[in-house]
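S.K.:
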Amino acid sequence: MTRKWSLGAVGDVYINRQNPDDAFTHSADLLASVDMLFGNSEGAYTDKPSPPPGSGWVVCSSLSNLKGLKAPGFDVMSCANNHIVDGGYDGLDHTLSGLKNLGIRAIGVGKNVSEARKPAILEQGDVKVGFLARSCVHPPAYAAKANNPGLAAIRVVQDYRMPNDGYSYVEPGSVPEVWTTPRREDLDQLEADIQELKGKSDIVVASFHWGTARYPIVLLDYERELAKKAIDFGADIVYGHHHHFLRGIEFYNGKPIFYGLGHFVFDLDTNGMWTDEEVATLKAMGEYAIYPREGYPLLPFHPEARLTLFAVIEFDGANIDKVGIVPCIITPENHAVPLSLDSPDGKKIVDYMQDITTKAGLSSKFSTDAAIKVGNWSAAVVKAV
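Going by this note's numbering, the first residue of the sequence shown is number 2, and it counts up by one from there.
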């Protein structure tokens with residue numbers, strides 16, 4: 002009978018470097034120390050890309066880069082994100098084949114919408130863990146259809162409302178508030194899929210690509226709604242990603258919601274990607290926009306995006322026992338380095354998580370007093386308050 006075991010998770014992973022084997026040089030031992038490992042595979046891998054069916058910046062590297070995923074030992078990865086079809090439909094097929102050859106279960110994508118919605122069920126002893134993934138942030142043509150490959154999508158409705166502040170209703174040109182909510186029919190489909198998976202699994206993990214990468218801290222209405230709906234439908238754990246910045250953590254009905262795991266290894270080489278004029282335009286969007294950063298050739302993000310974490314959940318059988326985070330920092334070489342809880346940077350990241358959690362109106366508490374042992378590292382405990 003399975004008793005104590007652990008599930009680990011990281012955010013966005015995309016390898017595009019000369020030596021893919023060194024992508025997890027400082028973190029492979031940590032990631033390999035858990036019994037089951039999840040991540041978000043944020044990009045396409047192919048040697049023969051075809052034109053994508055509409056995209057922004059193309060995140061696509063050679064198939065040889067996939068071998069970098071071997072050392073940490075990923076068991077399951079979400080591919081439901083805004084870059085998974087950046088190598089075209091052929092590139093999607095090559096990516097999925099490459100992940101399969103590494104023994105990694107890919108979720109959230111498929112040859113058609115039915116296949117994209119399918120979960121993966123893994124076993125830890127006699128405990129069955131079901132994973133499913135959806136994307137809310139992607140080019141519309143990336144969504145799978147009845148006869149088209151792509152990702153499993155949840156569409157989001159945007160409403161624009163004038164704030165009730167006494168002026169906006171009478172002053173033309175006032176800035177509206179933006180309200181977002183998942184489409185009802187997509188929620189109904191998600192509910193059916195989670196409930197079906199719940200009937201086959203002891204634990205259900207729901208992964209969502211969502212939110213905005215333009216600002217830190219911010220959680221949009223639909224992120225909060227979708228996370229809680231997923232738990233109401235039967236999910237036990239919710240993982241979010243896309244923001245490139247960490248987001249807060251909360252508990253809903255005793256279930257953990259990691260709103261944003263940030264990125265862990267994300268090799269976005271911007272050399273030659275933009276003209277000087279384009280860089281100037283990006284900088285004008287604000288300090289949190291994506292543009293080249295001195296000393297970080299593979300990470301063109303604000304310094305806060307160098308703060309990341311490894312999420313750990315300890316189980317007693319099928320019951321969640323403890324939830325924790327191992328703080329990590331991303332180096333100029335784009336390596337995520339695990340930190341001790343009593344190190345200056347380790348303390349900084351735990352404090353940062355407490356700060357952004359509180360500022361987002363979430364009520365979890367982070368503590369280093371009774372740390373969780375994770376291999377040779379320790380994780381700060383996260384509890385509901």
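Ideal Cβ positions, reconstructed from N, Cα and C, are used throughout, including at glycine.
By the three-class DSSP mapping on this structure, what secondary structure does residue 45 have?
M.R.: On the sequence shown, position 44 is the one that residue 45 refers to. Correct three-state label for residue 45: strand.
S.K.: Grouping DSSP H, G and I as helix and E and B as strand, with all else coil, what is residue 195?
M.R.: As a working mapping, residue 195 is identified with position 194 in the sequence shown. Three-state result, residue 195: helix.
S.K.: How big is the Cα-Cα spacing for residue 1 and residue 379?
M.R.: For residue 1 there is no data in the structure shown, the boundaries of the chain being 2 and 386.
S.K.: Just to confirm before moving on: does the CB-CB distance between residue 332 and residue 324 stay below 8 Å?
M.R.: Along the sequence shown, one-based indexing puts residue 332 at 331. Along the sequence shown, one-based indexing puts residue 324 at 323. Taking 8 Å as the Cβ cut-off, residue 332 and residue 324 do not qualify as a contacting pair.
S.K.: Going residue by residue through the segment 208-266, where are the continuous beta strand (DSSP E) segments of at least 3 residues, counting only ones entirely within it?
M.R.: As far as the segment 208-266 is concerned, its whole beta strand (DSSP E) runs of at least 3 residues are 238-242, 250-253 and 256-259.
S.K.: Can you tell me where the beta strand (DSSP E) holding residue 280 begins and where it ends?
M.R.: Reading the sequence shown from its first residue, position 279 is the one you call residue 280. Taken as a continuous stretch (DSSP letters only), residue 280 belongs to no beta strand (DSSP E), being part of the alpha helix (DSSP H) at 277-284.
S.K.: Apart from the five residues just before and just after residue 271, which ones in its own chain have a Cβ nearer than 6 Å to its Cβ?
M.R.: As a working mapping, residue 271 is identified with position 270 in the sequence shown. 293 and 301, listed in sequence order.
S.K.: Are there three or more Cβ pairs, one per stretch, closer than 8 Å when the segment 364-371 is compared with the segment 300-319?
M.R.: The segment 364-371, when compared against the segment 300-319, does not touch it at the 8 Å Cβ threshold.
S.K.: Checking the sheet assignment: what are the DSSP bridge partners for residue 297?
M.R.: Sequence index remark: in the sequence shown, residue 297 carries index 296 (1-based). In DSSP, residue 297 forms a bridge with 294.
S.K.: Quick check: the Cα distance between residue 109 and residue 120, rounded to an integer number of angstroms?
M.R.: Reading the sequence shown from its first residue, position 108 is the one you call residue 109. Reading the sequence shown from its first residue, position 119 is the one you call residue 120. If you take the alpha carbons of residue 109 and residue 120, they lie about 8 Å apart.
S.K.: Could you tell me the alpha carbon to alpha carbon distance between residue 288 and residue 214, rounded to whole angstroms?
M.R.: By 1-based counting over the sequence shown, the position of residue 288 is 287. By 1-based counting over the sequence shown, the position of residue 214 is 213. Cα to Cα, residue 288 sits roughly 12 Å from residue 214.
S.K.: Can you look up residue 183 in the DSSP assignment and give me helix, strand or coil?
M.R.: In the sequence shown, the residue the question calls residue 183 occupies position 182. Correct three-state label for residue 183: strand.
S.K.: Less than 8 Å between the beta carbons of residue 252 and residue 241, yes or no?
M.R.: The residue given as residue 252 occupies position 251 in the sequence shown. The residue given as residue 241 occupies position 240 in the sequence shown. No. Outside cutoff.
S.K.: Helix, strand or coil for residue 149? Go by DSSP, reduced to three states.
M.R.: Mapped onto the sequence shown, residue 149 falls at position 148. In this structure, residue 149 counts as strand in the three-state DSSP scheme.
S.K.: My parser needs the beta strand (DSSP E) runs of 3 or more residues fully inside the segment 327-362; what are they?
M.R.: Fully enclosed beta strand (DSSP E) runs of 3 or longer: 337-339.
S.K.: What first and last residue would you give for the alpha helix (DSSP H) that runs through residue 116?
M.R.: Translated into the one-based positions of the sequence shown, residue 116 becomes position 115. Its alpha helix (DSSP H) spans residues 114-117.
S.K.: Mapping DSSP to helix, strand and coil, what is residue 381?
M.R.: Numbered from its first residue, the sequence shown carries residue 381 at position 380. Note: residue 381 maps to strand in three-state DSSP.
S.K.: Determine which residues share a DSSP beta bridge with residue 61 and list them.
M.R.: Counting from 1 along the sequence shown, the entry for residue 61 is found at position 60. Answer is 45, bridged to residue 61.
S.K.: Please report how far the alpha carbon of residue 224 lies from the alpha carbon of residue 274, in whole angstroms.
M.R.: Here residue 224 refers to the residue found at position 223 of the sequence shown. Here residue 274 refers to the residue found at position 273 of the sequence shown. Each residue's alpha carbon lies about 31 Å from the other.
S.K.: Measuring only the C-alpha atoms, how far is residue 67 from residue 52?
M.R.: Numbered from 1 along the sequence shown, position 66 holds the residue referred to as residue 67. Numbered from 1 along the sequence shown, position 51 holds the residue referred to as residue 52. Those two C-alpha atoms are separated by around 21 Å.
S.K.: Are the segment 162-177 and the segment 226-241 touching, with three or more C-beta to C-beta distances below 8 Å?
M.R.: Verdict: no, contact absent.
S.K.: Can you give me the C-alpha to C-alpha distance between residue 55 and residue 152, rounded to a whole angstrom?
M.R.: On the sequence shown, position 54 is the one that residue 55 refers to. On the sequence shown, position 151 is the one that residue 152 refers to. Approximately 14 Å, taken between the alpha carbons.
S.K.: Starting from residue 312 and walking both ways along the beta strand (DSSP E), at which residues does that stretch end?
M.R.: Within the sequence shown, the letter at position 311 stands for residue 312. Residue 312 -> beta strand (DSSP E) spans 308-317.
S.K.: Please classify residue 185: is it buried, with 16 or more other beta-carbons within 10 angstroms of its beta-carbon, or exposed?
M.R.: Position 184 of the sequence shown, counted from the first residue, corresponds to residue 185. The residue in question, residue 185, is exposed, as its Cβ has fewer than 16 Cβ neighbours within 10 Å.
S.K.: What residue range is occupied by the uninterrupted beta strand (DSSP E) comprising residue 12?
M.R.: Within the sequence shown, residue 12 is the residue found at index 11, counting from 1. Taken as a continuous stretch (DSSP letters only), the beta strand (DSSP E) holding residue 12 covers 5-15.
S.K.: Could you give the residue range of the beta strand (DSSP E) that holds residue 154?
M.R.: Position 153 of the sequence shown, counted from the start, is the residue given in the question as residue 154. First-last for residue 154: undefined, no H or E at that position.
S.K.: For residue 203, tell me which candidate among 44, 85 and 237 has the shortest Cα-Cα distance.
M.R.: By one-based count along the sequence shown, residue 203 stands at place 202. Residue 237 is the option with its Cα nearest to residue 203.
S.K.: Taking a contact to mean a Cβ-Cβ separation below 8 Å, would you say residue 83 touches residue 140 in this structure?
M.R.: As a first step, residue 83 must be located in the sequence shown, where it is residue number 82. As a first step, residue 140 must be located in the sequence shown, where it is residue number 139. In contact: residue 83 and residue 140 (Cβ atoms closer than 8 Å).
S.K.: Quick check on the DSSP output: the alpha helix (DSSP H) that includes residue 101 runs from which residue to which?
M.R.: To locate residue 101, count along the sequence shown from 1; it is residue 100. From DSSP, the alpha helix (DSSP H) with residue 101 extends over 89-102.
S.K.: Are three or more beta carbon pairs between the segment 155-167 and the segment 93-112 nearer than 8 Å?
M.R.: The segment 155-167 vs the segment 93-112: no contact.
S.K.: Do residue 105 and residue 93 count as a contact pair if the criterion is CB distance below 8 Å?
M.R.: Numbered from its first residue, the sequence shown carries residue 93 at position 92. Numbered from its first residue, the sequence shown carries residue 105 at position 104. No, they are not a contact pair.
S.K.: From residue 234 to residue 192, what distance separates their C-alpha atoms?
M.R.: Sequence index remark: in the sequence shown, residue 234 carries index 233 (1-based). Sequence index remark: in the sequence shown, residue 192 carries index 191 (1-based). Using only the alpha carbons, I get a separation of about 5 Å.
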